[in-house]
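Colleague: Let me begin by handing over the structure; questions about it come next.
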Amino acid sequence: MAAPWAKTFYNSKQWRYLARVYRESHFHVCERCGKPGAREVHHKIHLTQRNVSDPNIALNPDNLILLCYDCHNEEHERMKYRKPVIRTYTYDSRGNIVSVTEPETYPPLP
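Per full-length UniProt numbering, the very first residue in the sequence shown carries number 1; after that it's consecutive.
Below is the structure:
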């Protein structure tokens, strides 16, 4: 999930257009493993609050790589270290569920 400061960028017309054209130009094939159906346009130099407004980094096709879901997760090591998301329940005195709290985001990586 994109950081709050990056959401504006990832929702911009410029990024959405570039990402679509990049996917099409690589025939939706993962550049790392060759799997078809790749959708994740990944920045080789990761975006930060400092460089997200620099088009030489954020909008430069030479800084992009098309990855499948698995390779993208491996790149970020999301699945490897992420703790499970825990739903919490509140009960009344009779043991009935009063409320359920769903986490809004995944816990941060260590």
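In this text, a Cβ means the ideal position worked out from N, Cα and C, and glycines have one as well.
Predicted model, so just to flag it, every value in this text is computed and none were measured.
(1) Would you say L59 and Y22 are within 8 Å of each other, going by their C-beta atoms?
(2) With a threshold of 7 Å (Cβ to nearest heavy atom), would Y22 be considered close to the ligand GTP?
(3) Below 7 Å CB to CB, which residues in the same chain sit around M79 once its five sequence neighbours on both sides are set aside?
(4) How many angstroms separate the CA atom of Y69 from the CA atom of C30?
(5) Taking the alpha carbon of A6 as the reference point, which residue from D54, V41, T48 and K44 has its own alpha carbon closest?
(6) Is it buried or exposed for Q14, if we count other Cβ within 10 angstroms and need 16 for buried?
(7) Quick check: what's the CA-CA separation for E40 versus S12?
Modeller: By the coordinates alone:
(1) no
(2) For the structure depicted, the ligand GTP is absent and the ligand set is empty, with no information on it obtainable.
(3) Summary for M79: the model assigns pLDDT 47, below 50, so the residue's position carries little reliability, and this model does not support an answer.
(4) 9 Å
(5) T48
(6) exposed
(7) 16 Å
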